[in-house]
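Enquirer: If you count by UniProt numbering, then the sequence shown holds residues 1 to 333, one letter each, in order. Beta carbons are placed, not taken as given, at the ideal position from N, Cα and C, and that holds for glycine.
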Amino acid sequence: MKSLTNKKVLVTGADGFIGSHLVEQLLGEGCKVRAFAYYNSFNSWGWMDSFESEVLKQVEVVTGDIRDRGSVAMAMDGVDVVLHLAALIGIPYSYYSPESYVGTNITGTLNVLEEAKRLGTERVLVTSTSEVYGTAQYVPIDEQHPYQGQSPYSATKIGADRMAESYFRSFDLPVTIVRPFNTYGPRQSARAVIPTIISQLCNGIEEIKLGSLSPTRDLVYVKDTARGFIELAKCDDAIGEEVNIATQQEISIGDLAQTLVSQINPSAKIVCENERIRPSKSEVERLLGANEKLKSLTGWAPATTLEQGLAETVAWFSEASNLSRYKADIYNV
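(1) When DSSP labels each residue in this structure, what does Leu287 get in the three-state scheme?
(2) Can you give me the Cβ contacts of Glu207 inside the same chain, cut-off strictly under 6 Å, excluding the 5 residues immediately before and after it?
(3) Figure out for me which residue from Glu292, Ser151 and Gly204 has the closest Cα to the Cα of Ala279.
(4) Would DSSP call Gly64 helix, strand or coil?
(5) According to the neighbour-count rule (16 or more other Cβ atoms, all chains shown, within 10 Å of its Cβ), is Ser128 buried or exposed?
(6) Could you spell out the range, first to last residue, of the beta strand (DSSP E) harbouring Tyr95?
(7) Report the three-state DSSP secondary structure of Cys272 (helix, strand or coil).
(8) Quick check: the Cα distance between Asp65 and Leu110, rounded to an integer number of angstroms?
(9) Bridge partners of Arg34, per DSSP?
(10) With 16 as the cutoff for other CB atoms within 10 Å, does Pro266 come out buried or exposed?
(11) Does the distance from the CB of Val11 to the CB of Phe36 come in under 8 Å?
(12) Using 8 Å for Cβ pairs, my map puts Leu294 next to Pro140. What's the rounded Cβ distance?
(13) How big is the Cα-Cα spacing for Thr305 and Asp142?
(14) Helix, strand or coil: which one does DSSP assign to Val333?
(15) Would you tell me roughly how many angstroms separate the C-alpha atoms of Pro146 and Glu242, rounded to the nearest one?
(16) May I have the straight-line CA-CA distance separating Arg187 from Leu323, to the nearest angstrom?
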């Protein structure tokens, strides 16, 4: 598949952080986009509600529940490509509610795979996470690195990935497993570290509450992540493969926090709060991803430096209408 132009593309989880950016970029590719959002009685379409009206008019929005096979069947009917991003992703909440993660992440992915098999869908991309690797046993982490279920969240994503692999091997389903490392940028939820830091700073809080400061992360700007998905969707050689999206650079949470403090409010202090620290055997201490496979398959390379990406993210959060969506004084699990 050399081009996605005029292809009908479904994005599950389109109401979320990465999904909403992906919808916008797919429109730029000339796709006919169907967006699957989580049904709710508020009639909210998540971050798609922030789109300009002229953009939103180009999107066919359907609502449902990824755990419900009927919802998924309706959403997938007539589409050429499925980019499956719908998931529960908060790690701390997975300690409290693991069953909901099994339902959403594993059963939801199974529903997508089963419908793709039934419908003969041309391409399916299943979203993984760098958390499936756990703490790095070697760096950079390539796609051959062992899996470690260091949280119920990561365990369910490992399960979903292996289901996707099984459908490629058992039924020749044209699946690619896409594995983003730590994506950040505008619209990211407060359960992630960068919005946690920025929202506290922009609200004038002087003691910035965080968990462990020593872990390192490979931070990918959201527009680069979305572009990685699109390039993999075009790449026939990626069928049956699992592919990292990573910058192959790392920064510690402590250094990241200090960078943002220096930019926004140098007088603020960083405080480690026990409530925010993961259990010791569950904390992923180091994530540094290899991106050679993605580069060799598609020519992708990160276009946004960490400095540029953080500046754009801070600017977005600094707008009152965006900042008001975040409850900086509450620990969002």
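Expert: On the basis of the coordinates in this document:
(1) Coil at Leu287, not helix or strand.
(2) Result list for Glu207: Lys269 and Val271, in chain order.
(3) The amino acid occupying residue 279 in the given sequence is Pro; Ala does not appear at that position. Taking Pro279 as reference, the option from Glu292, Ser151 and Gly204 with the minimal CA-CA separation is Ser151.
(4) In the structure shown, Gly64 sits in a strand (DSSP, three-state: E or B).
(5) By the neighbour-count rule (16 or more Cβ atoms within 10 Å), Ser128 is buried.
(6) Where Tyr95 is concerned, there is no enclosing beta strand (DSSP E), although the alpha helix (DSSP H) it sits in stretches over Ile91 to Tyr96.
(7) DSSP places Cys272 in the strand class (E or B) of the three-state scheme.
(8) Straight-line Cα distance between these residues: approximately 13 Å.
(9) DSSP, once it has assigned bridges, lists Leu10 and Glu60 as partnering Arg34.
(10) Looking at its Cβ environment, which holds fewer than 16 other Cβ atoms inside 10 Å, Pro266 is exposed.
(11) Closer than 8 Å, so yes.
(12) Contact flag wrong, Cβ pair sits at about 12 Å.
(13) Rounded to the nearest angstrom, the gap between the Cα atoms of Thr305 and Asp142 is 21 Å.
(14) Val333 sits in coil when the DSSP states are folded into three classes, being neither helix nor strand.
(15) For Pro146 and Glu242, the distance between alpha carbons rounds to 13 Å.
(16) Cα to Cα, the separation comes out at about 10 Å.
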